[in-house]
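Novice:
Protein chains: 2
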Amino acid sequence: MPRASDAPRASERVHAALRDEILGGALAPGAAVPSERALAKRFGVHRQSVREALKRLEQAGLVRISHGGATRVLDWRDSGGLEILADLADAGGREPPAELARSIIEMRASIGIDAARLCVERAGEAELAEVNRLAGEAAAHVGGPVETLEERYAAMWRTVVIGSGNLAYRLAFNSLLRALPSRPEMADAVRPSEAEAIRAFGAAVRARDGGAAASCARELLAPG
Amino acid sequence: MPRASDAPRASERVHAALRDEILGGALAPGAAVPSERALAKRFGVHRQSVREALKRLEQAGLVRISHGGATRVLDWRDSGGLEILADLADAGGREPPAELARSIIEMRASIGIDAARLCVERAGEAELAEVNRLAGEAAAHVGGPVETLEERYAAMWRTVVIGSGNLAYRLAFNSLLRALPSRPEMADAVRPSEAEAIRAFGAAVRARDGGAAASCARELLAPG
DNA sequence: AAGGGATAACTGGTCCGACCAGTGTGTGCT
DNA sequence: AGCACACACTGGTCGGACCAGTTATCCCTT
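Going line by line, the protein sequences match chains A and B.
Going by this note's numbering, the first sequence opens with residue 1, and the numbers climb by one from there.
Going by this note's numbering, the second sequence opens with residue 1, and the numbers climb by one from there.
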């Protein structure tokens, strides 16, 4: 069993370092990123690896590269897409923005409740039955190993979001889900604690009761 | 005045071509992307340019690159983040998914209404006044040049979203906004038509009337 | 003939060094 | 002082080489 090399790839190291400097504020918006040649020397890698890292940062909306001119740092709050949430949660040893967890939980609730409503409206019988089945599965694992519970619970919501027929909700769901793993305290906060609430939600969806589904969803996602 | 070269960069050409093939379904999920060397030959560019394009696709969640193995196409519906919306709207001459416009409008409403509610709750007096001022500006341009109206209207919502103190809403707002330009019919659909509704919204926010702000926001974002 | 391990032929990852292509700037001429 | 040009940056691309991990094949062993 040959172990995979633990050494992070060169371009990955550069990407992570620059990403953290930008998200952490060490590289402020408007500032010029050092030249590719300078970065290559600093990190002890070839310029091509630096370029790959910068291309990824540009794709994520963290920097703007311009031929001939300097590469400048953008304000990720203005130019970043939702996928940056995962980077914010992940980034190095740095503390993520204080409002990050609350933001994710609020958005999850807003989208989840509306997706439930739309799912009831638009999804086919088979999909509604599947949601109900997955709700039962998730409910059965409340109190059990958190890993299994989280997996089933996520699968249920995934089916709801798909059933809503809303592409944007589906993509946002991906972005939100990806931000959870690196912050255990956030995963804790979104984990359901009452099996009955999950079952009630599944039943409401199954019965195509939009009002009940929405209110059960609110119960699950935004208690209190 | 030396004109900027109109020739798209090599890595940009490759990126756009592969992105369109993936989003258009020509490269199905699970399929293997041709090797970097093969792509370099096909597009008549250096392998490094291909790599930069692939790195961007990986960053966006469209492919998974693995050392030694083939680069495989992912299902962007499952692995893509919200920023893909812009690519879906943009992509080449291809027709975007039928539900795209509806999805964006629905998500915009869901987030906008909740952001209005939170903004009233959390924003400072200065920010609320600014929202109201921008609402007035936008309202004054209803019926005028669409470009100016869109700019002011977007500025107003931007302030609301910032005032909501929700990072996820702010990033999602960026992603949604970026998808509009390439689809004029979508920009049309989200443009406000009644100055009075905008003014009412601004006044409700200014007065910290959460209920009124939410209902005015609903009026603006999800009429009917 | 079937199983298993060495190996060859892929894949992506990195490096070197060079040159092209835009920008910006300083300098010297007018 | 004002302007134009050369030079010194920046990023963009190229060619070729080699390293590293995977995968499939083929031959040897059982």
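From the three backbone atoms N, C-alpha and C, an ideal C-beta is built for every residue, glycine too.
Model, not experiment: these values are computed from the prediction.
Using a threshold of 8 angstroms, state whether the C-beta atoms of Ala101/A and Arg183/A are closer than that.
Specialist: The answer is yes: Cβ separation under 8 angstroms.
Novice: At which residue ranges does the segment 151–187 of chain B contain complete alpha helix (DSSP H) runs of 4 or more residues, listed in the order of the chain?
Specialist: Here the runs fully enclosed are 167–179.
Novice: Entirely within the segment 35–78 of chain B and at least 4 residues each: give me those alpha helix (DSSP H) ranges in chain order.
Specialist: Segments of the alpha helix (DSSP H) lying fully in the segment 35–78 of chain B: 36–43 and 47–59.
Novice: Would DSSP call Ala32/A helix, strand or coil?
Specialist: Three-state DSSP puts Ala32/A in a strand.
Novice: Could you name the residues of chain A that Pro169/B contacts, counting a contact when the two beta carbons are closer than 9 angstroms?
Specialist: Position check: residue 169/B holds Tyr in this sequence, whereas Pro was assumed. In chain order: Ser103, Glu106, Met107 and Ser110.
Novice: Report yes if the C-beta distance between Met107/A and Ala172/B is below 8 angstroms; otherwise report no.
Specialist: Result yes, Cβ atoms of Met107/A and Ala172/B sit closer than 8 angstroms.
Novice: Look up Ala286/A in the DSSP assignment and say whether it is helix, strand or coil.
Specialist: Not covered by the structure: residue 286/A. The range shown for chain A is 1 to 224.
Novice: Going by the CB atoms, is the gap between Gly81/A and Ser175/B shorter than 8 angstroms?
Specialist: A contact, by the Cβ cut-off of 8 angstroms.
Novice: Distance cutoff 8 angstroms, beta carbons only. Does Asp78/A sit that close to anything in chain B?
Specialist: Answer yes: the Cβ-Cβ gap between Asp78/A and chain B drops below 8 angstroms somewhere.
Novice: Kindly list the residues whose CB is nearer than 8 angstroms to the CB of Arg42/A, restricted to its own chain and excluding five residues on each side of it in sequence; keep chain order.
Specialist: Here the set comprises Pro34.
Novice: Going by alpha carbons, who is nearest to His15/A out of Gln48/A, Asp6/A and Leu54/A?
Specialist: Considering only alpha carbons, the answer is Leu54/A.
Novice: Using 8 angstroms as the cut-off, can you tell me whether the segment 64–75 of chain B makes contact with the segment 20–32 of chain B, which would need three or more C-beta pairs spanning the two stretches below that distance?
Specialist: In short, these stretches touch, since the Cβ pair count reaches three.
Novice: Going residue by residue through the segment 80–159 of chain A, where are the continuous alpha helix (DSSP H) segments of at least 4 residues, counting only ones entirely within it?
Specialist: With a minimum length of 4 residues, the continuous alpha helix (DSSP H) runs that stay inside the segment 80–159 of chain A are 84–90, 100–122 and 125–140.
Novice: Give me the Cα-Cα distance between Leu62/A and Leu88/B, rounded to the nearest whole angstrom.
Specialist: So the two alpha carbons sit approximately 21 angstroms from each other.
Novice: Within its chain, find whatever has a CB closer than 8 angstroms to the CB of Gly24/A; leave out the 5 residues flanking it on each side and keep chain order.
Specialist: Contacts found: Ala91, Gly92 and Arg94.
Novice: For Ala154/A, which residues of its own chain have a beta-carbon under 8 angstroms away from its beta-carbon, when the five flanking residues on both sides are left out?
Specialist: Closer than 8 angstroms at the Cβ level, and outside the excluded window around Ala154/A, lie Leu177.
Novice: Just how far apart, CA to CA, sit Glu219/A and Thr148/B?
Specialist: The alpha-carbon atoms of Glu219/A and Thr148/B are separated by roughly 42 angstroms.
Novice: Contact check, Ala98/A vs Ala214/A under 8 angstroms by CB: the rounded distance?
Specialist: Ala98/A to Ala214/A, Cβ: 30 angstroms. No contact.
Novice: What number of angstroms, rounded off, separates the C-alpha of Asp114/A from the C-alpha of Glu52/A?
Specialist: Looking at the two C-alpha atoms, the distance is approximately 39 angstroms.
Novice: With 8 angstroms as the threshold, decide whether the Cβ of Ile84/B is near any Cβ in chain A.
Specialist: Answer yes: the Cβ-Cβ gap between Ile84/B and chain A drops below 8 angstroms somewhere.
Novice: What do you reckon, are the CB atoms on Leu27/A and Glu36/A nearer than 8 angstroms?
Specialist: Not closer than 8 angstroms, so no.
Novice: Residues of chain A with CB closer than 9 angstroms to the CB of Pro97/B, please, in chain order.
Specialist: What Pro97/B touches in chain A: Leu167.
Novice: Whole angstroms are fine: how far does the CA of Gly163/B sit from the CA of Leu57/A?
Specialist: Computed Cα separation, rounded: 27 angstroms.
Novice: Reducing DSSP to helix, strand and coil, say where Gly24/A ends up.
Specialist: DSSP places Gly24/A in helix when its eight states are reduced to three.
Novice: Would the beta-carbon of Ile111/A fall within 8 angstroms of that of Val190/A?
Specialist: Not a contact, by the Cβ cut-off of 8 angstroms.
Novice: Under a Cβ-count criterion, where at least 16 other Cβ atoms within 10 Å of its own Cβ denotes burial, should Ser193/B be classed as buried or exposed?
Specialist: Label assigned to Ser193/B: exposed.
Novice: Among the residues of its own chain, which have a CB less than 7 angstroms from the CB of Ser11/A, if the five just before and after it don't count?
Specialist: Excluding positions up to five away in sequence, the list reads Ser49, Glu52 and Ala53.
Novice: Please list, in chain order, the chain B residues whose beta carbon lies closer than 7 angstroms to that of Gly81/A.
Specialist: Neighbours of Gly81/A on chain B, chain order: Gly81, Leu82, Glu83, Leu171, Asn174 and Ser175.
Novice: Just mark His141/B as buried or exposed, buried being the case when its beta carbon has 16 or more other beta carbons within 10 Å.
Specialist: The residue in question, His141/B, is buried, as its Cβ has 16 or more Cβ neighbours within 10 Å.
Novice: Go through its chain and collect everything with a Cβ distance to Arg170/B's Cβ below 7 angstroms, but skip five positions before and after it.
Specialist: So the list reads Val161 and Ile162, once near-sequence residues are dropped.
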